[in-house]
Amino acid sequence: MTFSTMLLTMGEGMLLTILLFALTLIGSMPLGMVVMFMEKSRIKPIAWLTKVYIAIMRGTPLMLQLLVWRFGPYYLFGISIGSAKLPALLIGFILNYAAYFAEIYRSGMDSMPVGQYEAAGILGYTKIQTFFKIILPQVIKRVLPSVTNEVITLVKDTSLASVLAYAEVFSIAKQISASQTSFIPFVIAGVFYFVANFIVAFIMERIEKSMQYYK
Amino acid sequence: MVLEMTNIRKHFGDLEVLKDIELKVDNGEVVSIIGPSGSGKSTLLRCATFLERIDGGEIKYLDKTAASTKDNTVVYAGKKQLKEIKKSFGLVFQQFNLFPHYSVLKNVMDAPVSVLGRNKDEVEKEARELLDKMGLRDKADSYPCELSGGQQQRVAIARALAMKPDILFFDEPTSALDPELTLEVLRIIKQLAEEKMTMVIVTHEMSFARAVSNRVIFMDGGYIVEQGDPEEVFGNPKQERTKQFLKNYEG
Ligand SMILES: Nc1ncnc2c1ncn2[C@@H]1O[C@H](COP(=O)(O)OP(=O)(O)OP(=O)(O)O)[C@@H](O)[C@H]1O
Ligand SMILES: [Mg+2]
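Chains as they are written, first to last, in the numbering used here: chain A, 143 to 357; chain B, 119 to 369.
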């Protein structure tokens, strides 16, 4: 196998990695907000169940969770969900990352001084206006560094999809390396993750800078 | 009467913070509230502005009942009515509580536009006039973090005034400020008093309270111990507690 065919084959894996990464972010970042509100809910059973969910998501390996979503339906309920791997992966990744994002958002919300709510309340802002106009923009600024960390972790975590033999870049690298007895695929994969995270860090830094006009 | 609070009671757990307080404020009146730390001054203002719920008594703004007590239970007016009543007052906090992500101008303009639904251009014109009056004409595009404490507090006053309240409450507006910065804020409040703005001011600045107010209230231990003309209360206090308190301030 020439270097360029190797690169081409791995390129398809890179696209699938990026797809998994993007869909996970698009799903988990807003879902994390919903989870955060459920955790803060005044209805105790909802808050309690949400806490249990977060504890499980954070307390068990993501790799194990992926296996459960892929094979659980069959072993537990005898339901065969066919051979498509992406749905199980997306459910696993999105639910897992939503839990982490929820905790990040919650710490951001908790760090907001109560005076901001009181000032807005006295001026007559509704609860919804207060959240979207006053609180959320400041929370976003506060949680951005933690969100950046989480996104960088996600880039690397996509390699866990190889446990379901999903043809993302890490799985492909393993396959080619075995069949060609070559170390080069791993080098290519490593460079790919590094560059991807470099881009993520660059974009996040730009966003952080754009919010530096106030303290 | 702009504000009528009667038989106000408030407790936190076992701690009774307000015990049967009466506070009535007439149109154009400037009332100062003084008293030792923990006497319930902030709690009274927080009850007046609905940041805390009272446990007994009655609150009325301009004859509209916000809260009343029947058979020992407090009933607050409905959401809509309270929202309407809220337009009658403003509150200036010790810690300013400006919105840090909004420019000075937007801090002043945003509530009139997005809460009262007023015309943006009209509000901007008024906001700029208010900033001018506060001596902040060239700070309109600055952000709160770029201002001194005194300037921030003047923005907070402008923000409150932009809502055109009938009565403005101040909770120790200068306690977070250095002495030089205190003066610039007190000068603004004094100017508002001369313009007959109705105000209730909790303060530890005794000479200011004496100079600016029509009436001084001395609170201690959740009671109004003494109140009256500032010259009377400061110059010739009747109650022993008042005398002691004022002596501590002189010394
Ligand atoms: N949210 C609260 N929970 C419990 N206790 C409170 C709360 N707010 C105030 N208190 C207590 O109520 C009492 C009165 O407090 P308040 O803040 O009204 O006093 P103050 O007269 O404003 O004092 P200062 O001059 O120090 O500002 C204090 O003993 C205080 O500890
Ligand atoms: Mg106080």
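Note that CB positions come from ideal geometry on N, CA and C, so glycine has one too. Quick caveat, the model's predicted, so the values are computed rather than measured.
Quick one: residues in its chain with C-beta nearer than 6 Å to the C-beta of residue i, no 5 flanking neighbours on either side, listed in chain order?
{"i": "residue 361 (chain B)", "result": "355"}
{"i": "residue 201 (chain B)", "result": "none"}
{"i": "residue 271 (chain A)", "result": "none"}
{"i": "residue 156 (chain A)", "result": "311 and 334"}
{"i": "residue 204 (chain B)", "result": "none"}
{"i": "residue 359 (chain B)", "result": "338 and 343"}
{"i": "residue 357 (chain B)", "result": "343 and 344"}
{"i": "residue 322 (chain A)", "result": "143"}
{"i": "residue 268 (chain B)", "result": "295, 299, 302 and 303"}
{"i": "residue 330 (chain A)", "result": "152"}
Please work out which residues of its chain come closer than 7 Å, Cβ to Cβ, to residue i, disregarding the five sequence neighbours upstream and downstream, and give them in chain order.
{"i": "residue 122 (chain B)", "result": "142 and 178"}
{"i": "residue 230 (chain B)", "result": "236, 241, 280 and 281"}
{"i": "residue 231 (chain A)", "result": "162, 208, 303, 306 and 308"}
{"i": "residue 316 (chain A)", "result": "304"}
{"i": "residue 320 (chain B)", "result": "151, 159, 160, 163, 288, 289 and 290"}
{"i": "residue 205 (chain A)", "result": "302 and 305"}
{"i": "residue 129 (chain B)", "result": "135 and 173"}
{"i": "residue 275 (chain B)", "result": "210, 252 and 306"}
{"i": "residue 260 (chain B)", "result": "221 and 222"}
Using 10 angstroms around the beta-carbon of residue i, count the other beta-carbons present and answer buried if the total reaches 16, otherwise exposed.
{"i": "residue 237 (chain B)", "result": "exposed"}
{"i": "residue 241 (chain A)", "result": "buried"}
{"i": "residue 304 (chain B)", "result": "buried"}
{"i": "residue 255 (chain B)", "result": "exposed"}
{"i": "residue 312 (chain B)", "result": "exposed"}
{"i": "residue 150 (chain B)", "result": "buried"}
{"i": "residue 225 (chain B)", "result": "buried"}
{"i": "residue 200 (chain A)", "result": "exposed"}
{"i": "residue 153 (chain A)", "result": "exposed"}
{"i": "residue 329 (chain B)", "result": "exposed"}
{"i": "residue 178 (chain A)", "result": "buried"}
{"i": "residue 64 (chain B)", "result": "As displayed, chain B neither begins before 119 nor continues past 369, which places residue 64 (chain B) out of reach and without an answer."}
{"i": "residue 352 (chain A)", "result": "exposed"}
{"i": "residue 235 (chain A)", "result": "buried"}
{"i": "residue 347 (chain A)", "result": "exposed"}
{"i": "residue 278 (chain B)", "result": "buried"}
{"i": "residue 316 (chain B)", "result": "buried"}
{"i": "residue 348 (chain B)", "result": "buried"}
{"i": "residue 197 (chain A)", "result": "exposed"}
When DSSP builds the beta bridges, which residues end up paired with residue i?
{"i": "residue 345 (chain B)", "result": "B:335"}
{"i": "residue 142 (chain B)", "result": "B:122"}
{"i": "residue 370 (chain B)", "result": "Only positions 119 to 369 of chain B appear in this structure, which leaves residue 370 (chain B) out of reach."}
{"i": "residue 129 (chain B)", "result": "B:134"}
{"i": "residue 240 (chain A)", "result": "Bridge partners of residue 240 (chain A): none, in fact."}
{"i": "residue 210 (chain B)", "result": "B:288"}
{"i": "residue 151 (chain B)", "result": "B:320 and B:335"}
{"i": "residue 187 (chain B)", "result": "B:192"}
{"i": "residue 292 (chain A)", "result": "Per DSSP, none; premise fails for residue 292 (chain A)."}
{"i": "residue 176 (chain B)", "result": "B:124"}
{"i": "residue 182 (chain B)", "result": "B:179"}
Looking only at its own chain, which residues have a Cβ that is under 8 Å from the Cβ of residue i, when we skip the five neighbours before and after it?
{"i": "residue 192 (chain B)", "result": "171, 172, 173, 174, 175, 185 and 186"}
{"i": "residue 183 (chain A)", "result": "189 and 192"}
{"i": "residue 278 (chain A)", "result": "none"}
{"i": "residue 227 (chain B)", "result": "238, 241, 242, 245 and 280"}
{"i": "residue 207 (chain B)", "result": "121, 166, 167, 179, 283, 284, 285, 286 and 287"}
{"i": "residue 273 (chain B)", "result": "214, 216, 222, 225, 226, 249, 252, 254, 257, 262 and 265"}
{"i": "residue 285 (chain A)", "result": "246, 247, 249 and 250"}
{"i": "residue 287 (chain A)", "result": "350"}
{"i": "residue 336 (chain A)", "result": "none"}
Along chain C, which residues have their Cβ under 8 Å away from the Cβ of residue i?
{"i": "residue 229 (chain B)", "result": "Protein chains A and B are contained in the structure displayed, whereas chain C is not."}
Residues within the segment 178 to 208 of chain B neighbouring chain A, beta-carbon criterion of under 9 Å: Cβ contacts with chain A: 201, 204, 205, 207 and 208.
Cβ-based contacts, 7 Å cut-off: residues of the segment 275 to 294 of chain B near chain A: For the segment 275 to 294 of chain B, the beta-carbon criterion of a distance under 7 Å to any beta-carbon of chain A is satisfied by 281.
4-residue-minimum alpha helix (DSSP H) runs that sit fully inside the segment 292 to 342 of chain B, ordered along the chain: Note on the segment 292 to 342 of chain B: whole alpha helix (DSSP H) runs with a minimum of 4 residues are 297 to 312 and 324 to 330, in chain order.
Interfacial residues, the segment 210 to 221 of chain B to chain A, with Cβ spacing under 7 Å: Under the 7 Å Cβ criterion, the segment 210 to 221 of chain B contributes 211, 213, 215, 217, 218 and 219.
Contact set between the segment 161 to 173 of chain B and chain A, restricted to residues whose Cβ is under 9 Å from the partner: Cβ contacts with chain A: 164, 167, 168 and 169.
Continuous alpha helix (DSSP H) assignments of at least 4 residues falling wholly in the segment 226 to 282 of chain B: Fully enclosed alpha helix (DSSP H) runs of 4 or longer: 238 to 251 and 267 to 279.
Interface residues of the segment 188 to 208 of chain A facing chain B [CB-CB below 8 Å]: Contact annotation: in the segment 188 to 208 of chain A, no residue has its CB less than 8 Å from a CB in chain B.
Alpha helix (DSSP H) runs wholly inside the segment 162 to 226 of chain A, at least 4 long, in chain order: Fully enclosed alpha helix (DSSP H) runs of 4 or longer: 186 to 201 and 204 to 219.
Selection of the segment 314 to 347 of chain B by Cβ proximity to chain A, strictly under 7 Å: Cβ contacts with chain A come from no residue of the segment 314 to 347 of chain B.
Residues in the segment 258 to 275 of chain B having any Cβ partner in chain A nearer than 9 Å: Taken in chain order, the members of the segment 258 to 275 of chain B whose beta-carbon sits within less than 9 Å of a beta-carbon on chain A are 261, 262, 263, 264 and 274.
Residues from the segment 229 to 248 of chain B in contact with chain A, defined by Cβ distance under 8 Å: Contacts with chain A (Cβ-Cβ distance below 8 Å) from the segment 229 to 248 of chain B involve 229, 232, 233 and 234, listed in chain order.
In chain order, each alpha helix (DSSP H) run of at least 4 residues that lies wholly inside the segment 271 to 349 of chain A: Those alpha helix (DSSP H) runs which fall completely within the segment 271 to 349 of chain A and span 4+ residues are 278 to 299 and 311 to 322.
Proximal residues, the segment 266 to 285 of chain A versus chain B, C-beta separation under 9 Å: From the segment 266 to 285 of chain A, only 266, 267, 268, 271, 275, 276, 279, 280 and 283 have a Cβ closer than 9 Å to chain B.
The segment 241 to 259 of chain A: positions lying closer than 7 Å to chain B by Cβ: Residues 257 and 258.
Residues from the segment 327 to 343 of chain A in contact with chain B, defined by Cβ distance under 7 Å: Listed in sequence order: no entries.
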